[in-house]
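What follows is a set of notes on a single structure, which appears directly below.
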Amino acid sequence: MLKMKLHNNGKTCRVFMLISTVWFIAAILGGLPIMGWNCIESMNNCSTVLPLYHKTYILFCTTVFSVILMAIVILYARIYALVRTRSRKLVFRKVANGRCSNKSSEKSMALLKTVIIVLSCFIACWAPLFILLLLDVACQIRTCPILYKAEWFLALAVLNSAMNPLIYTLTSNEMRRAFIKMLNCCVCDQAAGKFSRPIM
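Here the sequence shown stands for residues 0 to 199, numbered as in numbering that gives the first Met the number 0.
Okay, here's the thing in structure tokens:
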């Protein structure tokens, strides 16, 4: 088993404050157009993809989201490296002591790989929309025809939410077994319903 340092209950208040701060910042960012950062008075600076939003506001939000995404990628990369290093040390220690390696480290690595796959799919689904928004900021009005096909990029971004259950089902043996069991139960219930109908 990997021994990781966990936060104790005394830091619950700090976690609550951090979550509250994140929601407060998100509310401020979302409310900036209502507070006046819009293009109502300068229609030439309006976004084509998101009408009534000022291009500078879209550039600001895209930059903030990109920085946060890069921070998340770096954080997961460091976590992956840390877990992999500790897993190898644990395996070498158990082999040196003449014991079999514990499967807990393998489960930790499998879970971390699943999270990395989820993050990679998130980037793959949202990156085209981010690029489209940056293109929207750079292009003049009616000079980039691709901006009028934004619904495809939005659909790809929304599709990311439907991919997560599939990823967890395909990468986790327990999730896969539970999913197959659920399908079998549905098929059995439908079959039982057909045979239980009275013959006319």
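Ideal placement from N, C-alpha and C gives every residue a C-beta, glycine not left out.
In this text, all values refer to a predicted model and were calculated from it rather than measured experimentally.
Taking the alpha carbon of SER160 as the reference point, which residue from ARG87, TRP125 and SER107 has its own alpha carbon closest?
Taking only the C-alpha atoms, the option nearest SER160 is TRP125.
For CYS143, three-class secondary structure by DSSP:
CYS143: coil per DSSP, three-state reduction.
Tell me, please, whether the region 106 to 115 touches the region 38 to 51 by the rule of three or more beta-carbon pairs shorter than 8 Å.
Proximity of the region 106 to 115 to the region 38 to 51 falls short of the contact definition, fewer than three beta-carbon pairs being nearer than 8 Å.
Please state whether the Cβ-Cβ distance between LEU118 and TYR167 is less than 8 Å.
At the C-beta level, LEU118 and TYR167 stay beyond 8 Å of one another.
Roughly how many angstroms separate the alpha carbons of LEU31 and ARG77, rounded to a whole number?
Distance between the alpha carbons of LEU31 and ARG77: 34 Å.
SER107 and SER86 - do their beta-carbons sit closer together than 8 Å?
Taking the C-beta atoms as reference points, SER107 is found nearer than 8 Å to SER86.
Out of curiosity, what's the CA-to-CA distance linking THR142 and CYS12?
Rounded to the nearest angstrom, the two C-alpha atoms are 51 Å apart.
Which value, in whole angstroms, describes the spacing of the CA atoms of LEU182 and SER171?
Rounded to the nearest angstrom, the two C-alpha atoms are 17 Å apart.
Note down the Cα distance separating ILE130 from THR20, rounded to an integer number of angstroms.
Cα-Cα distance, rounded: 28 Å.
Hey, quick one: how far does the alpha helix (DSSP H) through CYS45 stretch, first residue to last?
Here CYS45 belongs to no alpha helix (DSSP H), and DSSP marks it neither H nor E.
Please go through the same chain and pick out, in chain order, the residues whose beta-carbon is closer than 7 Å to the beta-carbon of ALA149, but skip the five residues on each side of it.
VAL48 and LEU131, listed in sequence order.
Would you mind sorting MET0 into buried or exposed? The rule is 16 or more other CB atoms within 10 Å of its CB.
Because the pLDDT at MET0 is just 43, under 50, the model does not fix this residue reliably, and the point stays unresolved.
How about LEU81 and CYS60: do their beta carbons lie closer than 8 Å?
For LEU81 and CYS60, no; Cβs fall outside 8 Å.
Residue range of the unbroken alpha helix (DSSP H) whose run includes ILE27
That run of the alpha helix (DSSP H) goes 11 to 30.
Starting from MET34 and walking both ways along the alpha helix (DSSP H), at which residues does that stretch end?
Per DSSP, MET34 lies in no alpha helix (DSSP H) and is assigned neither H nor E.
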